[in-house]
Amino acid sequence: MPGAKRDESLRKAERLRRKADFEIIAREGTRKHTRNFLLIARKNDQGFARVGVVAGRKVGTAVERNRVKRLVREFFRRNKDRVHPSIDYVIVGKKGAQELPYAHAVTELSTLLELRKEEGQRH
C-alpha cells in the first residue's frame, strides 16, 4: 500500500524490564563485544525479539548513561526488521559509548548484530 508506514515503535512487550530477565540472559546468553558495546543474546519463547539496555556508572553521569540507553533503544526501534525474532538482547554500554555520535553507534551495533547472526548460522 503506497504511503503505508511500517511500525517502528518499540512496544512495552519488546523491552526487557525485569531484573530476573536480565540475570537469566547474563548467565545463559552468548556474548559479543565491540569497542563500546557488549551484546548478550539468548533465545526466548515469546515469538518476538526483546531488548534491554544497561549503562553502568563507568559510562559517566546519569545524563550520559541515559543518552547511551536512548541511542541503543532508537537503533533497535528503527532496525526491528534486522533482529532475529525469539531472541532476547541485552546491550551493555561500555566506557566511551557516551561520546559516540549516533552514526558511529549505529555502525557498532550493526556489527554486533552481524556477529550474532553469523554465530546463529553456525549452530
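Positions 1497 to 1619 (the numbering used here) are the ones given, in order, by the sequence shown. We treat Cβ as the ideally placed atom computed from N, Cα and C, and that holds for glycine.
Counting C-beta pairs with one atom in each stretch, the segment 1564-1574 and the segment 1514-1530 have fewer than three that are closer than 8 angstroms, which means they do not touch. Thr-1530 has its alpha-carbon roughly 8 angstroms from the corresponding atom of Thr-1607. The residue among Arg-1514, Val-1555 and Ala-1545 with its C-alpha nearest the C-alpha of Asp-1584 is Ala-1545. In this model, Arg-1563 and Gln-1594 are separated by some 7 angstroms (Cα to Cα). In the three-state DSSP reduction, Thr-1603 falls in the helix class (H, G or I). Annotation: the segment 1565-1601 contains the following complete segments of the beta strand (DSSP E) (minimum length 3 residues), in chain order: 1583-1589. Counted as a single uninterrupted DSSP element, the alpha helix (DSSP H) harbouring Phe-1518 occupies residues 1515-1524. By DSSP's assignment, Ala-1537 forms a beta bridge with Thr-1526 and Tyr-1585. With at least 16 other beta carbons inside 10 angstroms of its own, Arg-1561 counts as buried. Under the three-state reduction of DSSP output, Arg-1553 falls in the helix class. Between Arg-1514 and the set Phe-1533, Val-1550, Leu-1506 and Ala-1558, the nearest pair of CA atoms involves Val-1550. Setting aside the 5 residues that flank it on each side, Leu-1506 is surrounded in the same chain by Arg-1569, Phe-1572 and Arg-1573, each with a C-beta closer than 7 angstroms to its C-beta; the list follows chain order. In the DSSP assignment, Gly-1548 forms a beta bridge with Val-1586.
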